[in-house]
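Read left to right, the sequence shown gives residues 8 to 339 (my numbering).
Have a look at the structure below before the remarks.
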Amino acid sequence: MRLLVTGGAGFIGSHFVRKALAQGAEVVNLDLLTYAGGLDTMEDFLEHPNHRFVKGDIRDRDLVMELMKDVDSVVHFAAETHVDRSILEGGEFVLTDVYGTYVLLEAARRTGNIKRFLHISTDEVYGPIEEGSFREGDPLNPSSPYAASKAGADRLAFAFHRTYGLPVVIVRPSNNYGPYQHPEKAIPLFITNLLEGKKIPLYGTGENIREWVFVEDCVEGLWLLLQKAQVGGCYNLSSNFELSNLELAHKILEIMGMDEAWIEFVKDRPGHDIRYSVDSSRIRSLGWRPRVGFEAGLKKTVEWYKTHRDWWEKRKSGDFQQYYKKVYGGSL
Ligand code: NAD
Ligand code: DAU
8 MRLLVTGGAG
18 FIGSHFVRKA
28 LAQGAEVVNL
38 DLLTYAGGLD
48 TMEDFLEHPN
58 HRFVKGDIRD
68 RDLVMELMKD
78 VDSVVHFAAE
88 THVDRSILEG
98 GEFVLTDVYG
108 TYVLLEAARR
118 TGNIKRFLHI
128 STDEVYGPIE
138 EGSFREGDPL
148 NPSSPYAASK
158 AGADRLAFAF
168 HRTYGLPVVI
178 VRPSNNYGPY
188 QHPEKAIPLF
198 ITNLLEGKKI
208 PLYGTGENIR
218 EWVFVEDCVE
228 GLWLLLQKAQ
238 VGGCYNLSSN
248 FELSNLELAH
258 KILEIMGMDE
268 AWIEFVKDRP
278 GHDIRYSVDS
288 SRIRSLGWRP
298 RVGFEAGLKK
308 TVEWYKTHRD
318 WWEKRKSGDF
328 QQYYKKVYGG
338 SL
């Protein structure tokens, strides 16, 4: 199998590349190394003989066309991914997540040799749900500029299947967590703030609910979909393990032996979706299920951040300080 992976220097993408190489695939890894990607995320596989890293932009049509000629499948992770950044300024989200996806789809269509195009969408495309869980056929109702851009990309991918017969498979995972996640995201931010002697900034009342899946479980599901998914199919991917953000903060504090005085309630995220929930029966019917329980996964994650200070400290310095001030104000 010869794969073009986009965004393989980021969080989920790097775990996926690790898995694909272990399975004997050849991987061309196209990543722009934005603030969210890093060579230090790929240290253990960067020089692997079956891995070719290309620093470049998914919006670069010539480059994408050239890389597409040498592969038989595409796994597309590259995106601007952080909701709070999309609320500050959404332009890059539209350009990367929507137009970048278009460039990849168009190149895949033109080469005519792509057997699978696995498009990584998100559960956020459905928008919030107070009770029950979304199924794959439910309408999309995204809230943030990030989610709206991902919804555009998701539907473009589907349109390329319907219109041109491109063998697209769409997957909509819920919130991932685990090693190598950028410290702008909730779980690593909470852990690393505590490690720095700072508080956990909880938006609003902390009642918002998210469904958490350990990144290695997610990657197992993606690998399975690459082999077994129905072409043109769409698959939710979640653990069904949900927690309010307040419960999540308490779990992290418990693991780190700290008390709730380390929580600070801060101004809510604008348009903050109250709850996400997706029904994953379709991918489960192919044989996937999550294997890592939340307690075990969270302990592993806390341990990883404790032992990889160099990795996250540099990501929390420089520009991140300005970003942090914009989102959280001066109080933290
Ligand atoms: P991430 O932010 O950690 O990594 C994104 C990667 O894409 C980075 O390495 C970055 O350098 C690269 N990139 C950005 N713009 C690029 C461009 N123009 N050209 C080439 N590379 C570019 O992201 P993640 O959290 O690993 O998410 C990966 C994918 O999964 C995204 O599509 C995201 O929407 C989706 N997703 C993420 C989660 C989650 O919880 N993290 C859940 C569901 C879906
Ligand atoms: O659901 C899948 C999505 O999960 C992915 O598509 C996105 O790329 C990924 O970033 C993530 O989006 P969320 O907005 O759910 O994740 P985030 O880690 O930013 O926040 C998780 C929850 O924690 C959310 O309800 C907001 C809250 N939160 C977050 C931060 C950063 C806080 O209370 N305080 C914070 O400082």
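Built from N, CA and C at the ideal position, the CB exists for glycine as well.
Where Val238 falls, given that 16 or more other Cβ within 10 Å makes a residue buried
Position 231 of the sequence shown, counted from the first residue, corresponds to residue 238. The residue is exposed, with fewer than 16 neighbouring Cβ atoms inside 10 Å.
For Tyr187 and Ala27, the rounded distance between their alpha carbons:
To locate residue 27, count along the sequence shown from 1; it is residue 20. To locate residue 187, count along the sequence shown from 1; it is residue 180. So the two alpha carbons sit approximately 17 Å from each other.
Given His83 as reference, the closest of Phe124, Gly228 and Gly204 once Cα atoms are compared:
For the purposes of this step, residue 83 is taken as the residue at position 76 of the sequence shown. Cα-wise, what sits closest to His83 is Phe124.
Find out if the Cβ-Cβ distance for the pair Phe60, Met49 is shorter than 8 Å.
Locating residue 60 in the sequence shown gives position 53, where the first residue counts as 1. Locating residue 49 in the sequence shown gives position 42, where the first residue counts as 1. The answer is yes: Cβ separation under 8 Å.
Asp77 beta carbon less than 8 Å from that of Leu39:
Walking along the sequence shown from the start, residue 39 turns up at place 32. Walking along the sequence shown from the start, residue 77 turns up at place 70. Not a contact, by the Cβ cut-off of 8 Å.
Regarding His279 and the ligand NAD, is the C-beta to nearest heavy atom distance less than 7 Å?
The sequence position of residue 279 within the sequence shown is 272, counting from 1. Checking every heavy atom of the ligand NAD against the Cβ of His279, none is found closer than 7 Å.
Distance, Cα to Cα, Lys321 vs Ala86?
One-based indexing of the sequence shown puts residue 321 at position 314. One-based indexing of the sequence shown puts residue 86 at position 79. Their backbone Cα atoms lie some 21 Å apart in a straight line.
Here's the rule: buried if 16 or more other CB atoms are within 10 angstroms of the residue's CB, otherwise exposed. What is Phe141?
Start at 1 with the first residue of the sequence shown, and residue 141 comes out as number 134. Label assigned to Phe141: buried.
Figure out for me which residue from Ile290, Ser246, His89 and Pro208 has the closest Cα to the Cα of Asn252.
Counting from 1 along the sequence shown, the entry for residue 252 is found at position 245. Asn252 has its Cα closest to that of Pro208, out of Ile290, Ser246, His89 and Pro208.
Spatial neighbours of Val35 within its chain, please: CB distance less than 8 Å, with the 5 preceding and 5 following residues excluded, ordered by chain position.
Against the sequence shown, residue 35 aligns to sequence position 28. Counting only Cβ-Cβ distances below 8 Å, and skipping sequence neighbours, we find Arg9, Leu10, Leu11, Val12, Arg59, Val61, Leu74, Asp77 and Val78.
DSSP has Pro208 in a bridge; who is on the other side?
Working through the sequence shown from its first residue, we reach residue 208 at position 201. According to DSSP, Pro208 bridges with Glu271.
Taking Cβ to Cβ, would you say Ile290 is nearer than 8 Å to Leu201?
Here residue 290 refers to the residue found at position 283 when the sequence shown is read from its first residue. Here residue 201 refers to the residue found at position 194 when the sequence shown is read from its first residue. Not in contact: Ile290 and Leu201 (Cβ atoms no closer than 8 Å).
Glu203 classed as buried or exposed, judged by whether at least 16 other C-beta atoms fall within 10 angstroms
Here the question's residue 203 lines up with position 196 in the sequence shown. Exposed, because fewer than 16 other Cβ atoms sit within 10 Å of the Cβ of Glu203.
Only counting the same chain, and skipping five residues up and downstream in sequence, which positions put a Cβ closer than 8 Å to that of Val24?
Counting from 1 along the sequence shown, the entry for residue 24 is found at position 17. If we look at Val24 and ignore the five residues flanking it on each side, its Cβ neighbours are Val12, Gly15, Val34, Asn36, Met49, Phe52 and His58.
Taking the beta strand (DSSP E) that Ser80 falls in, what are its first and last residues?
For this step, residue 80 is matched to residue 73 along the sequence shown. Element bounds for Ser80: Ser80 to His83.
How many angstroms separate the CA atom of Trp230 from the CA atom of Phe221?
Counting from 1 along the sequence shown, the entry for residue 230 is found at position 223. Counting from 1 along the sequence shown, the entry for residue 221 is found at position 214. The alpha-carbon atoms of Trp230 and Phe221 are separated by roughly 15 Å.
Using the three-state DSSP reduction, which class does Ile121 fall into: helix, strand or coil?
Working through the sequence shown from its first residue, we reach residue 121 at position 114. Three-state DSSP puts Ile121 in coil, outside helix and strand.
Rounded to a whole number of angstroms, what is the C-alpha to C-alpha distance between Phe167 and Leu173?
In the sequence shown, residue 167 corresponds to position 160, counting from 1. In the sequence shown, residue 173 corresponds to position 166, counting from 1. If I take the Cα positions, the gap works out to 6 Å.
Contact test: Tyr210 Cβ vs the ligand DAU heavy atom, cutoff 7 Å
For the purposes of this step, residue 210 is taken as the residue at position 203 of the sequence shown. Checking the Cβ of Tyr210 against the ligand DAU gives yes.
Closest residue to Gly144 among Val105, Ser151 and Asp161 (Cα-Cα distance)
Taking the sequence shown and counting its residues from 1, the one referred to as residue 144 is at position 137. Checking every option, the nearest Cα to that of Gly144 belongs to Asp161.
Cβ contact (3+ pairs, closer than 8 Å) linking the region 184-198 and the region 309-319:
yes
Hey, out of Ser246, Tyr242, Ile216 and Lys205, whose CA is closest to Glu223's CA?
Translated into the one-based positions of the sequence shown, residue 223 becomes position 216. The option with the nearest alpha carbon to Glu223 is Ser246.
For Tyr153, which of Ser128, Glu137, Leu111 and Leu244 has the nearest alpha-carbon?
For the purposes of this step, residue 153 is taken as residue 146 along the sequence shown, with counting starting at 1. Here the closest residue by C-alpha is Ser128.
Quick one: grab the DSSP three-state call for Asn182.
Position 175 of the sequence shown, counting from 1, holds the residue named residue 182. If DSSP states are grouped into helix, strand and coil, Asn182 belongs with the strands.
Limits of the alpha helix (DSSP H) - the one that Val24 falls within:
In the sequence shown, counting from the first residue as 1, residue 24 sits at position 17. Start and end: Phe18 to Ala29.
Please classify Ser338 as buried or exposed, where buried requires at least 16 other C-beta atoms within 10 Å of its C-beta.
To locate residue 338, count along the sequence shown from 1; it is residue 331. Model confidence at Ser338 stands at a pLDDT of 45, short of 50, so the residue's coordinates are unreliable and nothing is read from them.
Among Pro56, Val110, Asp47 and Gly31, which has the Cα closest to the Cα of Leu70?
Taking the sequence shown and counting its residues from 1, one reaches residue 70 at position 63. Closest option to Leu70, Cα to Cα, is Val110.
Starting from the N-terminal side, write out each stretch of the alpha helix (DSSP H) that is 4 residues or longer and does not extend beyond the region 205-262.
222-235 and 252-262
C-beta atoms of Asn243 and Arg179 nearer than 8 Å:
Position 236 of the sequence shown, counted from the first residue, corresponds to residue 243. Position 172 of the sequence shown, counted from the first residue, corresponds to residue 179. Cβ atoms of Asn243 and Arg179: closer than 8 Å.
Between the C-alpha atoms of Gly294 and Ser324, what's the straight-line distance to the nearest angstrom?
On the sequence shown, residue 294 is found 287 positions in, with the first residue counted as 1. On the sequence shown, residue 324 is found 317 positions in, with the first residue counted as 1. One C-alpha to the other measures close to 42 Å.
I'd like to check one pair, Val81 with Ile121: are the Cβ atoms closer than 8 Å?
For the purposes of this step, residue 121 is taken as residue 114 along the sequence shown, with counting starting at 1. For the purposes of this step, residue 81 is taken as residue 74 along the sequence shown, with counting starting at 1. Closer than 8 Å, so yes.
Would you mind sorting Leu305 into buried or exposed? The rule is 16 or more other CB atoms within 10 Å of its CB.
By one-based count along the sequence shown, residue 305 stands at place 298. By the 10 Å Cβ count, Leu305 comes out buried.
Of the choices His126, Phe165, Arg282 and Ala236, whose alpha-carbon is the least far from that of Ser292?
Start at 1 with the first residue of the sequence shown, and residue 292 comes out as number 285. Ranking His126, Phe165, Arg282 and Ala236 by Cα distance to Ser292 puts Ala236 first.
Cβ pair Ser156, Asp91 closer than 8 Å
As a working mapping, residue 156 is identified with position 149 in the sequence shown. As a working mapping, residue 91 is identified with position 84 in the sequence shown. No, Cβ-Cβ distance for Ser156 and Asp91 is not below 8 Å.
What does the Cβ neighbour count give for Gly264, buried or exposed, with the cut at 16 atoms within 10 Å?
Along the sequence shown, read from residue 1 onward, the residue named residue 264 stands at position 257. Under this definition Gly264 is an exposed residue.
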